[in-house]
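Peer 1: I have a structure I would like to understand better, so I am pasting it below and will then ask my questions one at a time.
Number of protein chains: 2
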Amino acid sequence: MTSPPPSAVKRGDAVRGKLLRAAVELIGERGWTAVSTRTVAERAQVTSGLVHYHFASLQALLREAAVDTMRATLGAMRPVLTDASDPVAGLHALFAGLDQHTDDVVWLAVTESYLAATRDPELRSALAALIVEFREEVANQLDDCGHRHPAETAVVLAALIDGLLLHRIFDPRLSADTTRPAVDRLLDSRGRGTACE
Amino acid sequence: MTSPPPSAVKRGDAVRGKLLRAAVELIGERGWTAVSTRTVAERAQVTSGLVHYHFASLQALLREAAVDTMRATLGAMRPVLTDASDPVAGLHALFAGLDQHTDDVVWLAVTESYLAATRDPELRSALAALIVEFREEVANQLDDCGHRHPAETAVVLAALIDGLLLHRIFDPRLSADTTRPAVDRLLDSRGRGTACE
DNA sequence: TGCTATCTTGGGCATATGACCAATTGGGCA
DNA sequence: TGCCCAATTGGTCATATGCCCAAGATAGCA
Chain A
1 MTSPPPSAVK RGDAVRGKLL RAAVELIGER GWTAVSTRTV AERAQVTSGL VHYHFASLQA
61 LLREAAVDTM RATLGAMRPV LTDASDPVAG LHALFAGLDQ HTDDVVWLAV TESYLAATRD
121 PELRSALAAL IVEFREEVAN QLDDCGHRHP AETAVVLAAL IDGLLLHRIF DPRLSADTTR
181 PAVDRLLDSR GRGTACE
Chain B
1 MTSPPPSAVK RGDAVRGKLL RAAVELIGER GWTAVSTRTV AERAQVTSGL VHYHFASLQA
61 LLREAAVDTM RATLGAMRPV LTDASDPVAG LHALFAGLDQ HTDDVVWLAV TESYLAATRD
121 PELRSALAAL IVEFREEVAN QLDDCGHRHP AETAVVLAAL IDGLLLHRIF DPRLSADTTR
181 PAVDRLLDSR GRGTACE
């Protein structure tokens with residue numbers, strides 16, 4: 001049993017990565033069900049036969065691309081949330097950071113995968129796990145401020161993020177400035193001051 | 001073949017309606033770009049040639065179906081919003097009413113059309129107009145309560161509705177009970193009591 | 001220098017698709 | 001009664017699709 005030639009494996013991994021990246025782009029641009037083996041191969045500058053060599057099926061490619069992207073997107077939010085001067089500032093920074101995602105195919109791809117999860121149980125449970133994890137981080141942050149309803153508010157905040165990015169399709173000027181007063185009220189534990197402001 | 005049909009014109013309108021209804025179902029079930037002339041015709045129990053007789057193209061069918069559905073959905077919300085004992089109760093009733101939309105293909109179709117609007121300028125402007133109209137009604141309702149930020153809060157509430165219905169894909173138990181404390185804080189004009197409670 | 005496991009190529013197969021159309025139907029009206 | 005025309009039928013066309021595969025290429029190892 002000889003170990004596989006490293007360079008060949010590396011080349012294969014590079015192609016896998018290119019296909020995954022191309023898939024995310026095309027999901028965002030054309031919609032989940034409009035991505036084909038040939039278009040994704042063309043975008044990755046690779047012959048179409050490679051899709052079924054590196055992935056079990058087109059759906060498997062799209063699923064893996066979607067879960068990777070979701071994980072990366074939430075991963076990028078984590079330091080924004082936690083590296084702020086105080087917990088509430090972190091949550092505000094989170095919403096301010098959404099302004100960078102205008103016209104972002106990656107975020108459209110995320111929403112496309114939410115809808116695709118309706119028809120793909122495996123995708124559904126993978127994304128659900130990531131969402132639950134994110135909600136818990138937000139809830140902990142709220143709990144640190146002595147917020148009255150950390151869990152319920154985290155659910156609403158997570159949904160609000162996706163809803164705002166959805167509505168930005170129709171209203172590209174929708175920025176964190178607009179939503180700030182409402183978010184303020186969500187983060188505030190009504191009346192009495194919180195531990196972090 | 002069958003019982004004496006109504007006049008030809010009326011029959012034509014009936015077929016149009018059946019195609020429109022079938023289109024909404026299939027958009028919700030399979031995704032916007034996965035709806036074909038043949039599947040929609042089969043669902044409507046009609047031959048596939050009729051699609052291009054009654055509509056200029058498949059996209060035109062889907063577009064009309066999406067806009068009609070959006071208009072009908074928002075139209076159904078209107079009485080809920082306005083026929084309550086007071087404005088804030090109307091807004092709470094709106095959120096409570098969302099519980100009925102669990103596993104609703106119609107709502108999935110609405111979200112699918114949001115994403116399709118990304119690739120169809122005509123659909124985009126039609127849906128944008130309906131959303132702006134809805135936001136204004138909510139803003140008026142908030143203004144009647146003496147709310148401090150009626151317009152901004154209406155934007156956030158509209159986005160929250162779509163976000164919550166999106167997240168319900170992963171969390172079917174997500175009900176108005178859970179979101180109530182957060183929505184309460186959004187509707188309340190911080191500290192001092194509003195005109196309607 | 002072969003040898004081997006891995007990766008890549010280009011094409012093929014069965015099926016599905018959007019759009020189109022000539023031919024047919026059938027109800028209302030002169 | 002017989003004509004008109006919107007509505008309907010069933011099929012064709014060129015193209016696109018997912019998946020598969022036999023043959024070739026490539027780099028590390030003996």
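Protein chains in written order, with full-length UniProt numbering: chain A, 1 to 197; chain B, 1 to 197. A virtual CB, placed ideally from N, CA and C, is assigned to each residue, including glycine.
Per DSSP, what kind of secondary structure is arginine 180 of chain B in: helix, strand or coil?
Peer 2: Reading the second sequence from its first residue, position 180 is the one you call residue 180 of chain B. Of the three classes helix, strand and coil, the one that applies to arginine 180 of chain B here is helix, per DSSP.
Peer 1: For glutamine 45 of chain A, which of helix, strand or coil comes out of DSSP?
Peer 2: Position 45 of the first sequence, counted from the start, is the residue given in the question as residue 45 of chain A. Of the three classes helix, strand and coil, the one that applies to glutamine 45 of chain A here is coil, per DSSP.
Peer 1: I'd like the list of long-range same chain contacts for glycine 90 of chain B, defined as Cβ closer than 8 Å, with 5 residues on each side in sequence excluded.
Peer 2: For the purposes of this step, residue 90 of chain B is identified with residue 90 of the second sequence, where counting begins at 1. Answer for glycine 90 of chain B: Val80, Leu81, Thr82, Asp83, Ala84 and Gln141, listed in chain order.
Peer 1: Using 8 Å as the limit for Cβ to Cβ distance, is glutamate 112 of chain A near chain B?
Peer 2: Reading the first sequence from its first residue, position 112 is the one you call residue 112 of chain A. Yes, glutamate 112 of chain A counts as interfacial toward chain B.
Peer 1: Expressed to the nearest angstrom, what Euclidean distance is found between the alpha-carbon atoms of threonine 37 of chain B and serine 57 of chain B?
Peer 2: Position 37 of the second sequence, counted from the start, is the residue given in the question as residue 37 of chain B. Position 57 of the second sequence, counted from the start, is the residue given in the question as residue 57 of chain B. Rounded to the nearest angstrom, the two C-alpha atoms are 9 Å apart.
Peer 1: Could you pull out every residue in the same chain whose Cβ sits closer than 8 Å to the Cβ of proline 172 of chain A, ignoring the five residues on either side in sequence?
Peer 2: Counting from 1 along the first sequence, the entry for residue 172 of chain A is found at position 172. Correct list, in chain order: Thr102 and Asp103.
Peer 1: Three-state secondary structure (DSSP) at alanine 66 of chain B?
Peer 2: Stepping through the second sequence from its first residue, residue 66 of chain B is reached at position 66. Helix, per DSSP.
Peer 1: How about alanine 159 of chain A and glutamate 152 of chain B: do their beta carbons lie closer than 8 Å?
Peer 2: Along the first sequence, one-based indexing puts residue 159 of chain A at 159. Along the second sequence, one-based indexing puts residue 152 of chain B at 152. No, the Cβ-Cβ distance between alanine 159 of chain A and glutamate 152 of chain B is not below 8 Å.
Peer 1: Would you say residue 220 of chain A faces chain B, with C-beta separation under 8 Å as the test?
Peer 2: Absent from the model: residue 220 of chain A. The displayed extent of chain A is 1 to 197, so no value can be given.
Peer 1: Anything in chain A within Cβ reach of tryptophan 32 of chain B, meaning under 8 Å, just list it in chain order.
Peer 2: As a first step, residue 32 of chain B must be located in the second sequence, where it is residue number 32. Gly31 and Thr33, listed in chain order.
Peer 1: Cα-Cα, which of B:Tyr114, B:His92, B:Arg71 and B:Leu94 is closest to glycine 28 of chain B?
Peer 2: Taking the second sequence and counting its residues from 1, one reaches residue 28 of chain B at position 28. The shortest Cα separation from glycine 28 of chain B among B:Tyr114, B:His92, B:Arg71 and B:Leu94 belongs to B:Tyr114.
Peer 1: With 9 Å as the limit, tell me which residues of the segment 157–171 of chain A have their beta carbon closer than that to any beta carbon of chain B; keep them in chain order.
Peer 2: Flagged, chain order: Leu157, Ala158, Ala159, Leu160, Ile161, Asp162, Gly163, Leu164, Leu165, Leu166, His167, Arg168, Ile169, Phe170 and Asp171.
Peer 1: Work out the CA separation of aspartate 177 of chain A and leucine 98 of chain A for me, nearest whole Å.
Peer 2: Here residue 98 of chain A corresponds to residue number 98 of the first sequence, with the count starting at 1. Here residue 177 of chain A corresponds to residue number 177 of the first sequence, with the count starting at 1. Taking the straight line from one Cα to the other gives about 11 Å.
Peer 1: When the cut-off is 8 Å and only beta carbons count, does alanine 109 of chain A lie next to chain B?
Peer 2: Your numbering for residue 109 of chain A matches position 109 in the first sequence. Not closer than 8 Å to any Cβ of chain B, the Cβ of alanine 109 of chain A fails to qualify, so no.
Peer 1: Is glutamate 112 of chain B buried or exposed, if buried means 16 or more other CB atoms sit within 10 Å of its CB?
Peer 2: Position 112 of the second sequence holds residue 112 of chain B. Buried, because 16 or more other Cβ atoms sit within 10 Å of the Cβ of glutamate 112 of chain B.
Peer 1: Exposed or buried, which one is arginine 78 of chain A when buried takes at least 16 other CB atoms within 10 Å?
Peer 2: Along the first sequence, read from residue 1 onward, the residue named residue 78 of chain A stands at position 78. Its Cβ having fewer than 16 others within 10 Å, arginine 78 of chain A is exposed.
Peer 1: Compare the Cα-Cα distances from leucine 130 of chain B to each of B:Leu164, B:Thr69 and B:Ser175 and report the closest residue.
Peer 2: Walking along the second sequence from the start, residue 130 of chain B turns up at place 130. The closest CA to that of leucine 130 of chain B, considering only B:Leu164, B:Thr69 and B:Ser175, is found on B:Thr69.
Peer 1: From this set, B:Val88, B:Leu166 and B:Ser175, which residue's C-alpha is nearest alanine 154 of chain B's C-alpha?
Peer 2: As a working note, residue 154 of chain B is residue 154 in the second sequence. Among B:Val88, B:Leu166 and B:Ser175, the Cα nearest to that of alanine 154 of chain B is on B:Val88.
Peer 1: Is asparagine 140 of chain B helix, strand or coil by DSSP?
Peer 2: As a first step, residue 140 of chain B must be located in the second sequence, where it is residue number 140. If DSSP states are grouped into helix, strand and coil, asparagine 140 of chain B belongs with the helices.
Peer 1: Just curious, the alpha helix (DSSP H) that histidine 52 of chain A is in, first and last residue?
Peer 2: As a position in the first sequence, residue 52 of chain A is number 52, starting the count at 1. For histidine 52 of chain A, the uninterrupted alpha helix (DSSP H) run begins and ends at 51–54, by DSSP.
Peer 1: When burial is assigned at 16 or more other CB atoms within 10 Å of the CB, is arginine 11 of chain B buried or exposed?
Peer 2: Within the second sequence, residue 11 of chain B is the residue found at index 11, counting from 1. When all chains shown are included, arginine 11 of chain B counts as exposed.
Peer 1: Let me confirm a value: histidine 147 of chain B is counted as buried when at least 16 other C-beta atoms fall within 10 Å, else exposed. Which label applies?
Peer 2: Locating residue 147 of chain B in the second sequence gives position 147, counting from the first residue. Under this definition histidine 147 of chain B is a buried residue.
Peer 1: Taking Cβ-Cβ distances below 9 Å as the criterion, which residues of the segment 138–152 of chain A are in contact with chain B?
Peer 2: Arg148, His149, Ala151 and Glu152
Peer 1: Apart from the five residues just before and just after valine 132 of chain A, which ones in its own chain have a Cβ nearer than 8 Å to its Cβ?
Peer 2: For the purposes of this step, residue 132 of chain A is taken as the residue at position 132 of the first sequence. Closer than 8 Å at Cβ, skipping near neighbours: no residue.
Peer 1: Roughly how many angstroms lie between the CA atoms of alanine 109 of chain A and threonine 33 of chain A, to the nearest whole one?
Peer 2: Taking the first sequence and counting its residues from 1, one reaches residue 109 of chain A at position 109. Taking the first sequence and counting its residues from 1, one reaches residue 33 of chain A at position 33. If I take the Cα positions, the gap works out to 12 Å.
Peer 1: List the residues of chain B whose Cβ lies closer than 9 Å to the Cβ of leucine 174 of chain A, in chain order.
Peer 2: As a working note, residue 174 of chain A is residue 174 in the first sequence. What leucine 174 of chain A touches in chain B: Val155 and Ala159.
Peer 1: What whole-angstrom Cβ distance do phenylalanine 170 of chain B and alanine 128 of chain A have, given they're in contact under 8 Å?
Peer 2: Translated into positions along the second sequence, residue 170 of chain B becomes position 170. Translated into positions along the first sequence, residue 128 of chain A becomes position 128. Going by Cβ atoms, the distance from phenylalanine 170 of chain B to alanine 128 of chain A rounds to 4 Å, so yes, they are a contact pair.
Peer 1: From this set, B:Gln59, B:Arg21, B:Arg63 and B:Ala60, which residue's C-alpha is nearest lysine 46 of chain B's C-alpha?
Peer 2: The residue given as residue 46 of chain B occupies position 46 in the second sequence. Residue identity check: residue 46 of chain B is valine in the sequence provided, not lysine. Answer by Cα proximity: B:Arg21.
Peer 1: In terms of alpha-carbon separation, which member of B:Leu19, B:Leu26, B:Gly31 and B:Arg124 lies closest to leucine 166 of chain A?
Peer 2: On the first sequence, position 166 is the one that residue 166 of chain A refers to. Of the candidates B:Leu19, B:Leu26, B:Gly31 and B:Arg124, the one whose C-alpha sits nearest the C-alpha of leucine 166 of chain A is B:Arg124.
Peer 1: Give me the Cβ distance between threonine 179 of chain B and valine 24 of chain A, rounded to the nearest whole Å; I'm assuming they're in contact under 8 Å.
Peer 2: What you label residue 179 of chain B is simply residue 179 of the second sequence in a count that begins at 1. What you label residue 24 of chain A is simply residue 24 of the first sequence in a count that begins at 1. Going by Cβ atoms, the distance from threonine 179 of chain B to valine 24 of chain A rounds to 31 Å, so no, they are not a contact pair.
Peer 1: What three-state label does DSSP hand valine 35 of chain B in the structure shown?
Peer 2: Here the question's residue 35 of chain B lines up with position 35 in the second sequence. Of the three classes helix, strand and coil, the one that applies to valine 35 of chain B here is coil, per DSSP.
Peer 1: Is it buried or exposed, alanine 76 of chain A, if we count other Cβ atoms within 10 angstroms and call 16 or more buried?
Peer 2: If you number the first sequence from 1, residue 76 of chain A lands on position 76. That one is exposed.
Peer 1: Between the Cα of residue 221 of chain A and those of A:Leu19, A:Thr118 and A:Trp107, spot the shortest distance and give me the residue it belongs to.
Peer 2: Because chain A in this structure spans residues 1 to 197, residue 221 of chain A falls outside the shown range and cannot be described.
Peer 1: In chain A, which residues lie less than 8 Å from alanine 117 of chain B when you measure between Cβ atoms?
Peer 2: The count along the second sequence starts at 1 and reaches residue 117 of chain B at position 117. Within 8 Å Cβ-Cβ: Ile169 and Phe170.
Peer 1: Short check: CB of arginine 63 of chain A to CB of glutamate 122 of chain A, under 8 Å?
Peer 2: As a first step, residue 63 of chain A is located in the first sequence; it is residue number 63 there, counting from the start. As a first step, residue 122 of chain A is located in the first sequence; it is residue number 122 there, counting from the start. Contact flag set, yes.
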